[in-house]
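Student:
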Amino acid sequence: MPRRSTGARSTRRTASGSTIVQAIRILSQGKPLIEADECAIVPADKIGPGELVFRVAGDMPDVGLADRDHLIVEPRTNGDAATGEFVIATLGNDAFVGRYWRKHGTRSLLDGAFHVIAQGSALRVLGAVTLVLRDETH
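If you're matching positions, the sequence shown starts at -7 in the numbering used here and goes up one per residue.
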């Protein structure tokens, strides 16, 4: 049974130099994050200590993501980001991915066409997406 994310993850190295990341989070636009009992294999030079891995559930063409893409995410413990950064954020219990936009006291997430995906003072950035790993098998 899927669980809500607690933020914990474990990793181990393979003989080929890749990193196996367990306890990844599943991201579906506008829905709560789910912690999954699955692994992602990430090239060791593409992920740093403390970075998180999210798996995209469902195509998100408005932000350039496809089903089963893996996102490497640098956590933002202060809940904020620079305007224009590609981030994962929450609004209430729901998670979103998009371009962070903070102007004139408004906090928003935008899609590739600059349409608002989520907006509000309670919008909290979980982390900045540093890399998208495309699943070429689907």
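From the three backbone atoms N, C-alpha and C, an ideal C-beta is built for every residue, glycine too. Bear in mind the structure is a predicted one, so any value in this text is a computation, not a measurement.
Can you say whether S100 is buried or exposed, counting buried as having 16 or more other CB atoms within 10 angstroms of its CB?
Tutor: Indexing the sequence shown from 1 puts residue 100 at position 108. By the neighbour-count rule (16 or more Cβ atoms within 10 Å), S100 is buried.
Student: So the candidates are R94, H107 and I39; which of them puts its Cα closest to the Cα of V121?
Tutor: By one-based count along the sequence shown, residue 121 stands at place 129. When each option's Cα is compared against that of V121, the closest is I39.
Student: Among H96, G22, L44 and G97, which has the Cα closest to the Cα of I12?
Tutor: Translated into positions along the sequence shown, residue 12 becomes position 20. The shortest Cα separation from I12 among H96, G22, L44 and G97 belongs to L44.
Student: Between which two residues does the beta strand (DSSP E) harbouring E66 extend?
Tutor: The residue you call residue 66 lines up with position 74 of the sequence shown. Its beta strand (DSSP E) spans residues H62 to P67.
Student: According to the neighbour-count rule (16 or more other Cβ atoms, all chains shown, within 10 Å of its Cβ), is D61 buried or exposed?
Tutor: As a first step, residue 61 must be located in the sequence shown, where it is residue number 69. D61 is buried by the Cβ-count criterion.
Student: In or out: R132 buried (at least 16 other Cβ within 10 Å) or exposed?
Tutor: Look at the range of the chain in this structure, -7 to 130, and you will see that residue 132 is not part of it.
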